[in-house]
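In this note's numbering, the protein residues as written are 51 to 178. C-beta: ideal position from N, C-alpha, C; glycine also. Treat the numbers as computed from the prediction; the structure is a model and nothing was measured. Below: one structure, written as structure tokens.
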Ligand code: I3S
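Structural data, given as structure tokens:
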């Protein structure tokens, strides 16, 4: 993040479409409900938007659209989790608060990029 005139500008790291389902809330298991989500990695957060059609990287601005939910990546854990789904290219994101999400795409390279970029942010936060 950079600061100009007292305003913090969070860095947009990555944005795109992924299939997403939440599988735990505070350690409590949830029933899967896979949906396509517009996912934005900005600052220390992974932000999910419900309506992918109305979102593009160029149209995304803070405060421009209402996120469905947001995940604090500090202390979060990532792991590939093809064993948790019949889908391929699945990884699990677990937050410190015990929320767990599965993220997936049919495109292998895209999923690897997301995994590596999110892991990079988690690693950076661990050093701060
Ligand atoms: O791991 P699960 O519970 O077998 O996941 C599947 C189910 O949640 C299923 O929903 P219903 O049980 O409500 O019909 C979903 O439609 C599937 O997509 C889930 O499995 P995958 O393998 O797609 O993660």
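Query                                                                                                                       : Result
Those residues which DSSP pairs with residue 66 across a bridge                                                             : 89
Residue 81 CB to nearest heavy atom of the ligand I3S below 8 Å                                                             : yes
Three-state secondary structure assigned by DSSP to residue 128                                                             : strand
Close beta carbons around residue 148, own chain, < 7 Å, minus the five adjacent residues each side                         : 74, 76 and 77
Delimiting residues of the beta strand (DSSP E) encompassing residue 95                                                     : 95-99
Bridge partner(s) assigned by DSSP for residue 154                                                                          : 69 and 140
Status (buried if at least 16 other CB within 10 Å, exposed otherwise) for residue 150                                      : buried
Through-space distance from residue 65 to residue 163, alpha-carbon basis                                                   : 11 Å
Residues of its chain near residue 70, where Cβ-Cβ distance is below 8 Å and the 5 sequence neighbours each way are ignored : 84, 85, 86, 87, 89, 98, 151, 152, 153 and 154
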